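Novice: Dumping the structure here so I can ask a few things about it.
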Amino acid sequence: MEGEVQQGPSVGRRAGAALGAAVLLGAAACGADPSAVYRDSAVKALEGSLSEARTAELAGRLWLTGRSTHPLAVVVVRDSDAGVGADTAWFEEQQPPRPLDDVVRGRTTDALDAAASAVQSVRIALDRSDTRATRAALDELRSASSDLEALAEELS
Amino acid sequence: MKRLFAVALGILTAIGGFVDIGDLVTNAAVGSRFGLSLAWVVVIGVLGICVFAEMSGRVAAVSGRATFDLIRERLGPRVGLAALVGSMAVTFLTLTAEIGGVALALELATSLNYLLWVPVVGVLVWVVLWRVRFAVLENAFGLAGLALIVFAVAVWKLAPDWGALATEATHPAVPATEDATTYWFYAVALFGAAMTPYEVFFFSSGGVEEKWGAGSLRTMRANVFIGFPLGGLLSLAIAAAAAIVLRPQGIEVASLGQVALPVLVAFGKVGLVLVLIGFFAATFGAACETGLSVGYSVAQYFGWQWGKFVEPLRAARFHTVVLLSCVAGVGILLTTVDPILVTEYSVVFSALALPLTYLPILVVANDRTYLGQHVNGAVANLLGTAYLAVVVVASVAAIPLMVLTGAGQ
Chain A
140 MEGEVQQGPS
150 VGRRAGAALG
160 AAVLLGAAAC
170 GADPSAVYRD
180 SAVKALEGSL
190 SEARTAELAG
200 RLWLTGRSTH
210 PLAVVVVRDS
220 DAGVGADTAW
230 FEEQQPPRPL
240 DDVVRGRTTD
250 ALDAAASAVQ
260 SVRIALDRSD
270 TRATRAALDE
280 LRSASSDLEA
290 LAEELS
Chain B
264 MKRLFAVALG
274 ILTAIGGFVD
284 IGDLVTNAAV
294 GSRFGLSLAW
304 VVVIGVLGIC
314 VFAEMSGRVA
324 AVSGRATFDL
334 IRERLGPRVG
344 LAALVGSMAV
354 TFLTLTAEIG
364 GVALALELAT
374 SLNYLLWVPV
384 VGVLVWVVLW
394 RVRFAVLENA
404 FGLAGLALIV
414 FAVAVWKLAP
424 DWGALATEAT
434 HPAVPATEDA
444 TTYWFYAVAL
454 FGAAMTPYEV
464 FFFSSGGVEE
474 KWGAGSLRTM
484 RANVFIGFPL
494 GGLLSLAIAA
504 AAAIVLRPQG
514 IEVASLGQVA
524 LPVLVAFGKV
534 GLVLVLIGFF
544 AATFGAACET
554 GLSVGYSVAQ
564 YFGWQWGKFV
574 EPLRAARFHT
584 VVLLSCVAGV
594 GILLTTVDPI
604 LVTEYSVVFS
614 ALALPLTYLP
624 ILVVANDRTY
634 LGQHVNGAVA
644 NLLGTAYLAV
654 VVVASVAAIP
664 LMVLTGAGQ
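So the sequence lines, in the order shown, correspond to chains A and B.
Under the working numbering, the residue at position 128 of the first sequence is numbered 267, and the numbers go up by one with no gaps.
Under the working numbering, the residue at position 149 of the second sequence is numbered 412, and the numbers go up by one with no gaps.
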């Protein structure tokens, strides 16, 4: 069941990402600097994940402060989890054009993995209706979001 | 007094029924990425749907005949078939998106996976279309859709910088964080979301169902020129709420749950209840309208008995098309395709297919054989022609922009 839950949204993201990748490939074929195109892919994945991470953070905090119902918070965070996973998977499929770009790959993958892990922690804590664990996971997520934002700005 | 009540009810249902899954998702997505810098598109789209709906409503009221019946007769079977195929494909895609939207709304309320809700919603939509009277269907969901006014109240409660919002809306520019191609892609999507062809089929076929005559023109115009623009304000409120709460945090809307978050920030659980009622009513009402519209267009083109004003057994082929549409829509969603993706495609394809239905209506509305003294006047023709140009430009630009931007990614 859990697998199914994550399948829907990621299908949509992958379709859009595939179109986006085609555009990026087109740009590369038109003579754009391959490393710059790769950095753009990294920024795109980081910004997408940042959006999902901030969504999960907002939904979690609204539930903790009694401003949201549990079902809504669970669904929103579940979607965010699937979204971060799809962004990470999409970026991992991109080929770093030069050995120098492995640094970008490593840093981006680390930031995306940390965000994915933090969103998963929020989802698990929320599913269990565990307020203490949710609060702790949200703090972890805030830190991961800041890292995503900082890296996206640096690579832009 | 009775007439005033009828006009007021018509306006209220027009407002509540204006917003559907396409408006919800596209306006929130635009607000979260572009703020109110695309508000001008909503204004153009709403005026466009007013022009379009007024013409087709007038054609239905004066001639007493349905849109596709007249298109086939006036422009011939080939042009009629092209209009039918184009508009029916888009309306069916929209029906699929709306069924998915209802399932997503129920998922938000219960946390049960939306895929479990999809067959239930499909059956419910079909039962309502089979059993419930047209007036009840139109009024109940239209009035319940007014719950979405909570977005407008939330914007006020969030106390934004009104000056900044107004400046952004009145001085449109591509935000520094976005590129021009993506800006124009979303402009076309927003235009497609505001000017969906099914709204016009449903509106004009509903006129025939409710036996409008030339005497109904004033009521019809009040519904169109007051109800639709107020519905457009709801669309702007959804965009503004997203611009105020989500945009500063870098949240780009990609799910229905994200659309609701600004109202939760403003009002908490009370706001959530209203949002969920509004989501359900808007999407379920639109699912019924699109389901009927698919049946209307096919049955009217082939000259079959259609509508809910006759016993279902006497309009068996019409009801069969409606049933098959619901089954096919459910089948597509059960492949696990993302309903939000279907929604995004449906609004873009709406823009693409619009000339196929807009041009024939414009031609028929100028034909004295059908409309006598009620043919388009100078103002209607000026606006009608201007919008024809806008509709054609949006249609031509839709697919290239979608490919260039990776569907707005």
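We treat Cβ as the ideally placed atom computed from N, Cα and C, and that holds for glycine.
Computed from a prediction, not measured in an experiment: that's the story for all the values here.
Flag this pair as touching only if the region 286 to 296 of chain B and the region 475 to 485 of chain B have three or more C-beta atom pairs under 8 Å; answer yes or no.
Specialist: No, the region 286 to 296 of chain B does not touch the region 475 to 485 of chain B.
Novice: Is any beta-carbon of chain B found at less than 8 Å from that of D218 of chain A?
Specialist: Within the first sequence, the letter at position 79 stands for residue 218 of chain A. Chain B, which has a Cβ nearer than 8 Å to the Cβ of D218 of chain A, makes this yes.
Novice: Using the three-state DSSP reduction, which class does G142 of chain A fall into: helix, strand or coil?
Specialist: Here residue 142 of chain A refers to the residue found at position 3 when the first sequence is read from its first residue. Here G142 of chain A scores only 38 on pLDDT, less than 50, and its place in the model is too uncertain to base an answer on.
Novice: Answer yes or no: do A506 of chain B and G298 of chain B have a C-beta to C-beta separation smaller than 8 Å?
Specialist: The sequence position of residue 506 of chain B within the second sequence is 243, counting from 1. The sequence position of residue 298 of chain B within the second sequence is 35, counting from 1. For A506 of chain B and G298 of chain B, yes; Cβs fall inside 8 Å.
Novice: Check S285 of chain B in the structure and name its three-state DSSP category.
Specialist: For the purposes of this step, residue 285 of chain B is taken as residue 22 along the second sequence, with counting starting at 1. Note on identity: in this sequence residue 285 of chain B is Gly, with Ser being the wrong assignment. Correct three-state label for G285 of chain B: helix.
Novice: Are the beta-carbon atoms belonging to G235 of chain A and Y177 of chain A less than 8 Å from one another?
Specialist: By one-based count along the first sequence, residue 235 of chain A stands at place 96. By one-based count along the first sequence, residue 177 of chain A stands at place 38. The sequence shown places Pro at residue 235 of chain A, rather than the Gly named in the question. It is a contact, given that the beta carbons lie within the stated cut-off.
Novice: Compile a chain-ordered list of the residues in the region 195 to 209 of chain A whose CB is closer than 9 Å to at least one CB of chain B.
Specialist: The residues in question are E196, L197, A198, L201, T204, G205, R206, S207, T208, H209.
Novice: From A:D218, A:E196, A:D240, A:D278, pick the residue whose C-alpha is nearest to that of Y377 of chain B; which is it?
Specialist: Here the question's residue 377 of chain B lines up with position 114 in the second sequence. Checking every option, the nearest Cα to that of Y377 of chain B belongs to A:D218.
Novice: Output the residue ranges of the alpha helix (DSSP H) runs that lie fully inside the region 166 to 241 of chain A and measure 4 residues or longer, sorted by chain position.
Specialist: For the region 166 to 241 of chain A, whole alpha helix (DSSP H) runs of length 4 or above, ordered along the chain, are 173 to 203, 209 to 231.
Novice: Applying the criterion that 16 or more other CB atoms from any shown protein chain within 10 Å of the CB defines a buried residue, is P618 of chain B buried or exposed?
Specialist: Here residue 618 of chain B corresponds to residue number 355 of the second sequence, with the count starting at 1. P618 of chain B should be labelled buried.
Novice: Would you say the region 348 to 357 of chain B touches the region 508 to 515 of chain B, given that touching needs at least three Cβ pairs under 8 Å?
Specialist: The answer is no - the region 508 to 515 of chain B does not touch the region 348 to 357 of chain B, with fewer than three Cβ pairs under 8 Å.
Novice: Assign P148 of chain A to one of two classes, buried (16 or more other C-beta atoms within 10 Å of its C-beta) or exposed (fewer than that).
Specialist: By 1-based counting over the first sequence, the position of residue 148 of chain A is 9. Its pLDDT being 37, under 50, P148 of chain A is placed unreliably by the model, and the measurement read from it follows with that caveat. So P148 of chain A counts as buried.
Novice: Helix, strand or coil: which one does DSSP assign to Q259 of chain A?
Specialist: Within the first sequence, the letter at position 120 stands for residue 259 of chain A. In the structure shown, Q259 of chain A sits in a helix (DSSP, three-state: H, G or I).
Novice: Where do the N-terminal and C-terminal ends of the alpha helix (DSSP H) with S350 of chain B fall, by residue?
Specialist: Here residue 350 of chain B refers to the residue found at position 87 of the second sequence. Here the alpha helix (DSSP H) through S350 of chain B covers 330 to 373.
Novice: For G222 of chain A, decide whether its Cβ has a neighbour in chain B, counting only Cβ atoms nearer than 8 Å.
Specialist: Along the first sequence, one-based indexing puts residue 222 of chain A at 83. Chain B, which has a Cβ nearer than 8 Å to the Cβ of G222 of chain A, makes this yes.
Novice: Between which residues of its own chain and F612 of chain B is the CB-CB distance below 8 Å, once the five residues before and five after are set aside?
Specialist: Mapped onto the second sequence, residue 612 of chain B falls at position 349. Cβ neighbours of F612 of chain B beyond the five flanking positions: A352, V353, L356, G455, A661.
Novice: Determine the burial state of H582 of chain B: buried for a count of at least 16 other Cβ atoms within 10 Å of its Cβ, exposed for fewer.
Specialist: Along the second sequence, one-based indexing puts residue 582 of chain B at 319. It is buried - the Cβ of H582 of chain B has at least 16 other Cβ atoms within 10 Å.
Novice: Measuring alpha carbon to alpha carbon, tell me which of A:L290, A:D286, A:E292, A:S268 ends up nearest D203 of chain A.
Specialist: The count along the first sequence starts at 1 and reaches residue 203 of chain A at position 64. Note on identity: in this sequence residue 203 of chain A is Leu, with Asp being the wrong assignment. Looking at the Cα atoms, A:S268 is the closest of the given residues.
Novice: For a test of the three-state rule: what should DSSP assign to S295 of chain B, helix, strand or coil?
Specialist: Here residue 295 of chain B refers to the residue found at position 32 when the second sequence is read from its first residue. S295 of chain B falls in the helix class under three-state DSSP.
Novice: So, are the CB atoms of A452 of chain B and V610 of chain B less than 8 Å apart?
Specialist: Position 189 of the second sequence holds residue 452 of chain B. Position 347 of the second sequence holds residue 610 of chain B. The answer is yes: Cβ separation under 8 Å.
Novice: In chain order, what residues of the same chain have a beta carbon less than 8 Å from the beta carbon of D286 of chain A, not counting five sequence neighbours either side?
Specialist: Stepping through the first sequence from its first residue, residue 286 of chain A is reached at position 147. Same-chain partners within the cutoff: A250, A253, A254.
Novice: To the nearest angstrom, report how far apart Y316 of chain B and V463 of chain B are at their CA atoms.
Specialist: In the second sequence, the residue the question calls residue 316 of chain B occupies position 53. In the second sequence, the residue the question calls residue 463 of chain B occupies position 200. Residue identity differs from the one stated: residue 316 of chain B is Ala in this sequence, not Tyr. Taking the straight line joining both Cα atoms gives about 5 Å.
Novice: Do the CB positions of G490 of chain B and I312 of chain B come within less than 8 Å of each other?
Specialist: Walking along the second sequence from the start, residue 490 of chain B turns up at place 227. Walking along the second sequence from the start, residue 312 of chain B turns up at place 49. Taking 8 Å as the Cβ cut-off, G490 of chain B and I312 of chain B do not qualify as a contacting pair.
Novice: First and last residue of the alpha helix (DSSP H) that includes E292 of chain A?
Specialist: The residue given as residue 292 of chain A occupies position 153 in the first sequence. 270 to 294 is the span of the alpha helix (DSSP H), which, as asked, contains E292 of chain A.
Novice: Quick check: what's the CA-CA separation for W419 of chain B versus A502 of chain B?
Specialist: In the second sequence, counting from the first residue as 1, residue 419 of chain B sits at position 156. In the second sequence, counting from the first residue as 1, residue 502 of chain B sits at position 239. Spanning the two alpha carbons is a distance of roughly 13 Å.
Novice: Between which two residues does the alpha helix (DSSP H) harbouring P525 of chain B extend?
Specialist: Locating residue 525 of chain B in the second sequence gives position 262, counting from the first residue. From DSSP, the alpha helix (DSSP H) with P525 of chain B extends over 519 to 565.
Novice: Between the C-alpha atoms of L664 of chain B and T270 of chain A, what's the straight-line distance to the nearest angstrom?
Specialist: For the purposes of this step, residue 664 of chain B is taken as the residue at position 401 of the second sequence. For the purposes of this step, residue 270 of chain A is taken as the residue at position 131 of the first sequence. About 45 Å.
Novice: Is the CB of Q146 of chain A under 8 Å away from at least one CB in chain B?
Specialist: For the purposes of this step, residue 146 of chain A is identified with residue 7 of the first sequence, where counting begins at 1. Since pLDDT at Q146 of chain A reaches only 40, below the 50 mark, its modelled position is unreliable, and the value read off the structure follows with that caveat. Interface residue, yes.
Novice: In its own chain, which residues sit with a C-beta less than 6 Å from the C-beta of A181 of chain A, not counting the 5 before and 5 after it?
Specialist: Counting from 1 along the first sequence, the entry for residue 181 of chain A is found at position 42. So the qualifying residues of the chain are V243, T247, L294.
Novice: Quick one: Cα of D172 of chain A to Cα of P460 of chain B, how far?
Specialist: Residue numbering aside, residue 172 of chain A sits at position 33 when the first sequence is read from its first letter. Residue numbering aside, residue 460 of chain B sits at position 197 when the second sequence is read from its first letter. Rounded to the nearest angstrom, the two C-alpha atoms are 44 Å apart.
Novice: For a contact meaning CB atoms closer than 8 Å, what does K532 of chain B contact in chain A?
Specialist: Within the second sequence, numbered from 1, the residue matching residue 532 of chain B stands at position 269. Under the 8 Å cutoff, chain A gives G205, R206, S207, T208.
Novice: Any beta carbon from chain B within less than 8 Å of S256 of chain A's own beta carbon?
Specialist: For the purposes of this step, residue 256 of chain A is taken as residue 117 along the first sequence, with counting starting at 1. For S256 of chain A, the answer is no, since every Cβ of chain B falls outside 8 Å of its Cβ.
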